[in-house]
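First up is the structure itself, then whatever we jot down about it.
Number of protein chains: 2
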Amino acid sequence: MEKLKYYFSAMGFNDNDLEKIVAAFKLQHFKKNESFVEEGKTSRYIGLVDSGMFQYYVLIDGEERTTYISIENTFIASVLSFVGEIPALENIRALTDGAIFLISRVNLKKLVNEIPLFKDFYINLLEQSICGIDATRHDLIVLSGEQRYEKMLREEPHLLQRIPLQYLASMLGVTPRHLSRIRNNIR
Amino acid sequence: MEKLKYYFSAMGFNDNDLEKIVAAFKLQHFKKNESFVEEGKTSRYIGLVDSGMFQYYVLIDGEERTTYISIENTFIASVLSFVGEIPALENIRALTDGAIFLISRVNLKKLVNEIPLFKDFYINLLEQSICGIDATRHDLIVLSGEQRYEKMLREEPHLLQRIPLQYLASMLGVTPRHLSRIRNNIR
DNA sequence: CTTCTTTTTAGACATTTGTCCAGTAAAAGC
DNA sequence: GCTTTTACTGGACAAATGTCTAAAAAGAAG
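So the sequence lines, in the order shown, correspond to chains R and P. 79 is the number of the first residue of the first sequence in my numbering; add one for each residue after it. 79 is the number of the first residue of the second sequence in my numbering; add one for each residue after it.
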């Protein structure tokens with residue numbers, strides 16, 4: 079849990095608050111292929127990925143389509159399920175062994191209400207998330223598959239190093255066959 | 079400004095808070111084609127649309143691509159510019175005559191800090207926005223243009239009544255030519 | 001009502017992207 | 001190191017979608 083403490087102390091929390099915050103989280107380990115969120119079940123947790131890679135996906139007539147991948151030091155949740163407290167429309171599972179610092183919605187709301195700075199932290203997290211998600215939505219409308227791949231190559235090359243191409247293809251909204259063509263075109 | 083007062087009183091604010099809130103907004107009128115946000119300029123305002131239709135768009139080699147449309151009673155902002163206080167990457171303009179209740183980021187933050195319930199309101203607004211934007215992102219990855227059109231037909235038929243098809247097509251990530259084909263297929 | 005403008009539809013053809021599949025390469029397990 | 005599985009590439013063809021364009025339809029203006 080030292081990592082968690084370090085993360086939040088870097089955000090300016092004092093020792094007293096830090097203790098409260100860290101106590102509200104629990105570290106959960108995941109084996110490769112283990113589920114964090116299952117479609118149809120309500121997921122009341124949001125987490126900070128400690129280690130590993132986690133795949134968001136849905137099954138479309140038996141075939142899996144990846145919609146997102148979370149890696150270390152990013153937040154992870156099935157947003158609609160977490161916020162709306164309703165059954166998830168997607169699955170999230172570990173692509174590798176890993177671990178997540180988890181906090182329930184109830185405990186999160188408690189921290190927000192009890193620690194003024196944590197409210198700012200949460201608002202900031204939400205605002206940053208909106209920016210990221212909206213930029214992705216924007217690109218899906220405005221850019222071609224090839225342009226989205228090039229952008230990822232430019233701005234997030236570390237993802238290309240680690241995430242198997244079949245998953246990336248899906249996130250980019252193209253088939254693996256087509257991603258192979260794109261990669262071929264670019265060189 | 080009565081509408082604004084009504085909107086927030088429905089959210090449970092008392093008269094004292096209501097006065098503060100309403101005072102923080104100003105109603106701005108827009109003529110058809112007038113700009114609310116211009117690419118390259120920082121937009122420090124978020125608004126609640128009072129009346130009219132507003133188009134988000136970018137120019138891609140001279141051609142305009144619509145990424146979103148806001149109508150009455152929804153919030154409107156160039157998110158990245160508003161949150162990051164950086165130049166906007168998109169344009170927003172009135173598709174019809176209309177008006178927006180505007181509030182600056184500074185005033186918004188003030189309300190968040192001074193009125194506890196307003197903090198909850200803002201957090202809720204952010205959470206709901208994330209859900210909506212993420213669902214759209216999800217659909218752009220997982221559904222075909224035709225399926226996205228059918229979903230809009232099912233879930234937001236009021237948009238189809240009002241928004242010219244050329245703009246809808248762009249929002250759905252297809253060309254007007256293709257949307258015409260889709261509409262033809264469905265009947 | 002008539003004219004002018006804007007929006008929508010759709011044909012013909014080009015390009016992009018997907019499907020199916022097999023071969024190769026790479027990784028994991030023993 | 002060998003075997004088995006998983007990931008990646010690319011050919012051939014099919015389907016989806018885009019481009020260009022003109023005509024029809026609908027809406028706005030006088």
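No residue lacks a Cβ here, since even glycine has one placed at the ideal position from N, Cα and C. Here the structure is a predicted model, which is why all the values come from computation and not from measurement.
- Residues of chain P with a Cβ closer than 7 Å to the Cβ of R:H216 are, in chain order, T145.
- The shortest CA-to-CA distance from R:V161 to any of P:K188, P:F132, P:L204 is the one to P:L204.
- Contact between the region 113-129 of chain P and the region 154-171 of chain P is present: three or more C-beta pairs spanning the two stretches fall below 8 Å.
- The C-beta of P:G176 comes no closer than 8 Å to any C-beta of chain R.
- Taking CB atoms only, P:Y245 has no neighbour in chain R less than 8 Å away.
- Counting only runs of 3+ residues, the beta strand (DSSP E) found wholly inside the region 82-168 of chain R occupies 104-108, 113-115, 123-129, 132-138, 141-148, in chain order.
- Distances from the CA of R:R226 to each of R:K81, R:I99, R:M249, R:R240 were compared; the closest alpha carbon is that of R:M249.
- Around the beta carbon of P:S207, a 10 Å sphere encloses 16 or more other beta carbons of the protein chains shown; the residue is thus reported as buried.
- Contact annotation: P:Y200 and P:N169 have beta-carbon atoms that are not nearer than 8 Å.
- The three-state secondary structure of R:R171, taken from DSSP, is strand.
- Going by beta carbons, P:T253 and R:V220 fall outside the 8 Å limit.
- Taking every protein chain shown into account, the CB of R:V184 has fewer than 16 other CB atoms within 10 angstroms, so this residue is exposed.
- Annotation: the continuous beta strand (DSSP E) that includes R:G176 extends over 176-182.
- Secondary structure of P:T253 (DSSP, three-state): coil.
- At a cut-off of 8 Å between C-beta atoms, R:E205 counts as an interface residue with respect to chain P.
- For R:Y200, the chain P residues whose C-beta falls within less than 8 Å of its own C-beta are I201, listed in chain order.
- In this structure, R:D128 lies away from R:A172, with their beta-carbon atoms at least 8 Å apart.
- Its chain contains M79, L82, K83 as the residues whose beta carbon lies nearer than 7 Å to that of P:V100, once the 5 sequence neighbours on both sides are disregarded; these appear in chain order.
- With a threshold of 8 Å between beta carbons, R:L158 makes contact with chain P.
- Taking a C-beta distance under 8 Å as the contact criterion, P:G130 and P:F114 do not qualify as a contact pair.
- Assigned with DSSP and collapsed to three states, R:M79 falls in coil, not helix or strand.
- Inter-residue distance for P:R143 and P:H236 is about 21 Å (C-alpha atoms, whole angstroms).
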